[in-house]
Structure formats: structure tokens, C-alpha cells
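Right, one structure below, let's go through it.
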Amino acid sequence: MKKTIDLLNEIVTMGFSRERALSDIDASLDEELGFENRTDLVNEEIPDELYEDILFGFKCEAEAN
């Protein structure tokens, strides 16, 4: 399990805005985990595979631009 805040920071480091990254991460996690199963950003942990899938999406988008 990895922390959502670490995912956000990694994506921001890639050059995406914090607001955009947070919005996209939230949408993905709400869809996968369900809004009712979410916790606060700093303490939330997500499965490694989901972390990598979201990160991969951002990497693909960065390469396309």
C-alpha cells in the first residue's frame, strides 16, 4: 500500500499542476474505491497496483504532450 499524498507529489514533480493532479486522482479513486471509502489525503493508502495505474496514465499524458 502506498500513500495518496506520495502519488500527488510524484505527479506534481512531473510538471502537472497540483490542482489538476488532485482532481484527476480524486476522480480515479472515487470510481475505484467509492467516495464513502475514502479518507483524508495525507493518511489515505491505496493498493500499489492502483497507484501505478494512475501514475502510468499521467506518464502517458506527459509523453504525449
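Counting in this note's numbering, the sequence shown runs from 10 upward without gaps.
Positions of the beta carbon are idealized from the N, C-alpha and C atoms, including for glycine.
Measure the alpha-carbon distance for residue i versus residue j and round it to whole angstroms.
i: L42; j: D57; result: 13 Å
i: K68; j: L38; result: 17 Å
i: M10; j: E54; result: 6 Å
i: N75; j: N52; result: What is shown of the chain runs 10 to 74, which leaves residue 75 out entirely.
i: E70; j: L59; result: 17 Å
i: T48; j: E72; result: 31 Å
Starting from the C-beta of residue i, find all residues in its chain whose C-beta is less than 7 Å away, skip the five residues before and the five after it, and write them out in chain order.
i: I34; result: T13, L16, L17 and I63
Are there any heavy atoms of the ligand HEM lying less than 8 Å away from the beta-carbon of residue i, as far as the coordinates show?
i: E70; result: Summarising the ligand content, the structure contains no ligands, and the ligand HEM is consequently not present.
Under the DSSP definition of a beta bridge, which residues are partnered with residue i?
i: K12; result: E54
Tell me whether residue i is buried or exposed, calling it buried when 16 or more other Cβ atoms sit within 10 Å of its Cβ.
i: A30; result: buried
For residue i, collect the residues of the same chain with a Cβ closer than 6 Å to its Cβ; drop the 5 residues on either side in sequence, then sort them by chain order.
i: V21; result: R27 and A30
With a threshold of 8 Å on Cβ separation, who are the neighbours of residue i within its own chain once the five nearest residues in sequence on each side are excluded?
i: E40; result: none
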